[in-house]
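Below is one structure, written out as structure tokens; comments come after it.
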Amino acid sequence: MTENQTPSTEYQIVAYCCEHCAYAAADLAGSLRMQYPPEVKVVEVPCTGKLDPLMVLHALEDGADGIMAAG
Amino acid sequence: MIVAEQKPLEEIKELVGEAQKVLVVGCGTCVTVCFAGGDREAQILASSLRMSSKLDDHPQDVTDLTVQRQCEWEYLDPIGEDIQKSDIVVSLGCGIGVQAIAERFPETWVVPGLNTTFLGLPTEQGVWSERCAACGDCLLGLTGGICPIARCSKSLLNGPCGGSEEGHCEIDPDTDCAWQLIYDRLDSLGKLEMLMKLQPPKNWSTSRDGGPRKIIREDLQLAEEETTN
Numbered sequence: 001m002t003e004n005q006t007p008s009t010e011y012q013i014v015a016y017c018c019e020h021c022a023y024a025a026a027d028l029a030g031s032l033r034m035q036y037p038p039e040v041k042v043v044e045v046p047c048t049g050k051l052d053p054l055m056v057l058h059a060l061e062d063g064a065d066g067i068m069a070a071g
Numbered sequence: 072m073i074v075a076e077q078k079p080l081e082e083i084k085e086l087v088g089e090a091q092k093v094l095v096v097g098c099g100t101c102v103t104v105c106f107a108g109g110d111r112e113a114q115i116l117a118s119s120l121r122m123s124s125k126l127d128d129h130p131q132d133v134t135d136l137t138v139q140r141q142c143e144w145e146y147l148d149p150i151g152e153d154i155q156k157s158d159i160v161v162s163l164g165c166g167i168g169v170q171a172i173a174e175r176f177p178e179t180w181v182v183p184g185l186n187t188t189f190l191g192l193p194t195e196q197g198v199w200s201e202r203c204a205a206c207g208d209c210l211l212g213l214t215g216g217i218c219p220i221a222r223c224s225k226s227l228l229n230g231p232c233g234g235s236e237e238g239h240c241e242i243d244p245d246t247d248c249a250w251q252l253i254y255d256r257l258d259s260l261g262k263l264e265m266l267m268k269l270q271p272p273k274n275w276s277t278s279r280d281g282g283p284r285k286i287i288r289e290d291l292q293l294a295e296e297e298t299t300n
């Protein structure tokens with residue numbers, strides 16, 4: 001693990017990714033050994049249209065500092 | 072259905088005040104289908120209140136529950152213990168739900184989370200329109216099924232006023248003139264002659280003008296010995 005991959009407690013981002021595009025892209029990025037900060041937690045959703053405000057609120061309540069909707 | 076809108080979060084926070092244990096109660100009937108106070112909205116409000124109170128350095132214990140119908144005590148009784156354990160209940164029912172809780176649980180402080188707005192129907196996705204004023208003396212049989220009491224801004228009984236402009240009401244070009252709608256409908260059904268009959272002044276005593284209303288059906292009431300058993 002390189003220095004810039006060291007887990008940080010500074011921020012936590014939950015990334016809701018559409019299984020048809022963004023999640024597949026993240027998967028491909030992983031296959032290509034591309035790096036992204038470990039503070040980003042990827043959550044696969046069937047479609048970002050399914051991203052309910054409650055999911056966002058619960059993530060924030062549980063300590064997330066930011067939400068990313070990728071689709 | 073009864074159509075309502077959620078109050079702004081700031082207003083709800085003000086109503087809740089410093090209470091420590093807050094219970095948000097949703098209703099599974101009218102306000103669920105108008106997306107104002109169902110289970111999902113109750114959860115969202117509870118979560119918003121929890122986060123907001125935390126940001127205000129006064130974290131509150133906010134939980135939520137939803138019953139099938141707040142306007143019947145039978146549905147409230149199963150959550151009676153949760154209600155009584157709370158410092159305050161935020162009802163996401165209509166005004167009837169709020170009062171049902173207040174009446175059934177006299178020791179509990181209950182506040183409304185919604186503004187109950189009107190009796191209406193969804194006319195397109197995301198749009199609700201008023202259709203009934205609950206006047207207590209329905210005259211839809213005279214007007215082709217279009218209510219001039221609820222849908223005419225002046226509740227006129229004998230045709231449109233001078234403010235009817237190209238089928239729209241003078242108060243707002245987006246509001247249909249109810250009497251234009253009535254005329255067009257009766258015309259299309261070949262019943263225009265119905266409009267020749269003048270309607271006398273309406274007896275408003277069956278409406279709110281007669282004070283709070285009550286219906287008593289003796290055929291449905293329980294006999295005294297049955298209520299004591």
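Protein chains in written order, with my numbering: chain Z, 1 to 71; chain U, 72 to 300. Just so you know, even glycine gets a beta-carbon here, dropped at the ideal spot from N, CA and C. This one's a predicted model, so the numbers in the text were calculated from it and none came from an experiment.
Which one of Glu296(U), Pro177(U), Ile73(U), Gln114(U) has the shortest CA to CA distance from Cys105(U)? Looking up residue 105(U) in the second sequence gives position 34. The option with the nearest alpha carbon to Cys105(U) is Ile73(U).
Can Lys156(U) and Lys92(U) be called in contact, C-beta distance under 8 Å? Position 85 of the second sequence, counted from the start, is the residue given in the question as residue 156(U). Position 21 of the second sequence, counted from the start, is the residue given in the question as residue 92(U). Contact: yes.
Distance between beta carbons of Trp250(U) and Cys223(U), contact taken as under 8 Å: Residue mapping note: residue 223(U) aligns to position 152 of the second sequence, counting from 1. Residue mapping note: residue 250(U) aligns to position 179 of the second sequence, counting from 1. Rounded, the Cβ-Cβ distance is 6 Å, consistent with contact.
Beta-carbon neighbours of Pro53(Z), restricted to chain U and to distances below 8 Å: Start at 1 with the first residue of the first sequence, and residue 53(Z) comes out as number 53. Result: Ile115.
For Asn4(Z), which residues in the same chain have their Cβ closer than 6 Å to its Cβ, ignoring the five residues on either side in sequence? Along the first sequence, one-based indexing puts residue 4(Z) at 4. With a pLDDT of 48 at Asn4(Z), under the threshold of 50, the modelled position of this residue cannot be trusted, and the question is left open.
Could you give the distance in angstroms between the alpha-carbon of Lys84(U) and the alpha-carbon of Glu289(U)? As a first step, residue 84(U) is located in the second sequence; it is residue number 13 there, counting from the start. As a first step, residue 289(U) is located in the second sequence; it is residue number 218 there, counting from the start. Approximately 44 Å, taken between the alpha carbons.
Return the CA-CA distance between Thr2(Z) and Pro38(Z), expressed in angstroms with no decimal places. One-based indexing of the first sequence puts residue 2(Z) at position 2. One-based indexing of the first sequence puts residue 38(Z) at position 38. Annotation note: pLDDT 44 at Thr2(Z) (below 50); position unreliable, coordinate value reported separately. Their backbone Cα atoms lie some 11 Å apart in a straight line.
So is Ser118(U) in contact with chain Z if we call contact Cβ pairs under 8 Å? Along the second sequence, read from residue 1 onward, the residue named residue 118(U) stands at position 47. For Ser118(U), the answer is yes, since a Cβ of chain Z falls inside 8 Å of its Cβ.
Do you know whose CA, among Gly233(U), Ala117(U), Pro244(U), Trp144(U), lies nearest Val133(U)'s CA? In the second sequence, residue 133(U) corresponds to position 62, counting from 1. Measuring from the Cα of Val133(U), the nearest candidate turns out to be Ala117(U).
With a threshold of 8 Å between beta-carbons, can His58(Z) be considered close to chain U, or not? Residue mapping note: residue 58(Z) aligns to position 58 of the first sequence, counting from 1. Closer than 8 Å to some Cβ of chain U, the Cβ of His58(Z) qualifies, so yes.
With a threshold of 8 Å, are at least 3 pairs of Cβ atoms found where one atom belongs to the stretch 48-65 of chain Z and the other to the stretch 141-160 of chain U? no
Chain U partners of Glu61(Z), CB-CB under 8 Å? Start at 1 with the first residue of the first sequence, and residue 61(Z) comes out as number 61. Going along chain U in sequence order, the residues near Glu61(Z) (Cβ under 8 Å) are Ser118, Arg121, Met122.
Please look up how many angstroms separate the CB atoms of Gly97(U) and Leu163(U), rounded, as I've assumed it's under 8 Å. The residue labelled residue 97(U) in the question sits at position 26 within the second sequence. The residue labelled residue 163(U) in the question sits at position 92 within the second sequence. With 8 Å as the limit, Gly97(U) and Leu163(U) qualify as a contact, their Cβ atoms being about 5 Å apart.
So is Arg111(U) in contact with chain Z if we call contact Cβ pairs under 8 Å? For the purposes of this step, residue 111(U) is taken as residue 40 along the second sequence, with counting starting at 1. It does; some Cβ of chain Z falls within 8 Å.
Could you pull the DSSP bridge partners for Cys232(U) from this structure? Here residue 232(U) corresponds to residue number 161 of the second sequence, with the count starting at 1. According to DSSP, Cys232(U) bridges with nothing at all.
Of all Cβ atoms in chain Z, is any one closer than 8 Å to the Cβ of Pro79(U)? Stepping through the second sequence from its first residue, residue 79(U) is reached at position 8. It does not; no Cβ of chain Z falls within 8 Å.
For Arg307(U), name the three-state secondary structure that DSSP assigns. Residue 307(U) lies beyond the residue range present for chain U, which begins at 72 and ends at 300; the question has no answer from this structure.
Would you mind stating whether Gly253(U) and Gly215(U) have Cβ atoms separated by less than 8 Å? Your numbering for residue 253(U) matches position 182 in the second sequence. Your numbering for residue 215(U) matches position 144 in the second sequence. In the sequence under discussion, the amino acid at residue 253(U) is Ile, which differs from the Gly named in the question. Yes, Cβ-Cβ distance for Ile253(U) and Gly215(U) is below 8 Å.
Own chain residues within Cβ distance below 7 Å of Leu51(Z), not counting five before or after: Taking the first residue of the first sequence as position 1, residue 51(Z) is located at position 51. Tyr16, Val45, Ala69, listed in sequence order.
Would you kindly work out how many angstroms separate the C-alpha atoms of Pro231(U) and Cys248(U), rounded to a whole number? On the second sequence, residue 231(U) is found 160 positions in, with the first residue counted as 1. On the second sequence, residue 248(U) is found 177 positions in, with the first residue counted as 1. Computed Cα separation, rounded: 8 Å.
DSSP three-state call for Thr277(U): helix, strand or coil? By one-based count along the second sequence, residue 277(U) stands at place 206. Reduced to three states, the DSSP call for Thr277(U) is helix.
Report buried or exposed for Arg121(U), applying the criterion of at least 16 other Cβ atoms within 10 angstroms of its Cβ. Within the second sequence, residue 121(U) is the residue found at index 50, counting from 1. The residue is buried, with at least 16 neighbouring Cβ atoms inside 10 Å.
With distances taken between CB atoms, is the gap from Gly63(Z) to Gln12(Z) smaller than 8 Å? For the purposes of this step, residue 63(Z) is taken as residue 63 along the first sequence, with counting starting at 1. For the purposes of this step, residue 12(Z) is taken as residue 12 along the first sequence, with counting starting at 1. Yes, Cβ-Cβ distance for Gly63(Z) and Gln12(Z) is below 8 Å.
Do you know how far the Cα of Arg256(U) is from the Cα of Ser123(U)? The count along the second sequence starts at 1 and reaches residue 123(U) at position 52. The count along the second sequence starts at 1 and reaches residue 256(U) at position 185. Answer to the nearest angstrom: the Cα atoms are 51 Å apart.
Nearest to Pro53(Z) by CA position, among Ile67(Z), Ala26(Z), Glu10(Z), is which residue? Along the first sequence, one-based indexing puts residue 53(Z) at 53. Comparing Cα-Cα distances from Pro53(Z) to each of Ile67(Z), Ala26(Z), Glu10(Z), the minimum goes to Ile67(Z).
As assigned by DSSP and simplified to three states, the class of Glu76(U): Mapped onto the second sequence, residue 76(U) falls at position 5. Strand, per DSSP.
For a test of the three-state rule: what should DSSP assign to Glu82(U), helix, strand or coil? For the purposes of this step, residue 82(U) is taken as residue 11 along the second sequence, with counting starting at 1. Three-state result, Glu82(U): helix.
8 Å Cβ shell around Ile217(U) - same chain, five flanking residues per side excluded: Residue 217(U) sits at position 146 when you count from the first residue of the second sequence. Here the set comprises Leu211, Ala249, Leu252, Ile253, Arg256.
Closer than 6 Å by C-beta to Ile167(U): which residues in its own chain qualify, once you throw out the five before and the five after it? Chain order, please. Walking along the second sequence from the start, residue 167(U) turns up at place 96. Closer than 6 Å at Cβ, skipping near neighbours: Cys142.
Leaving aside the five residues before and after His239(U) along the sequence, list all residues of the same chain whose C-beta is less than 7 Å from its C-beta, in chain order. Position 168 of the second sequence holds residue 239(U). Correct list, in chain order: Thr246, Asp247, Cys248.
Per DSSP, what are the beta-bridge partners of Glu201(U) in this structure? Start at 1 with the first residue of the second sequence, and residue 201(U) comes out as number 130. Paired residues: Gly191(U).
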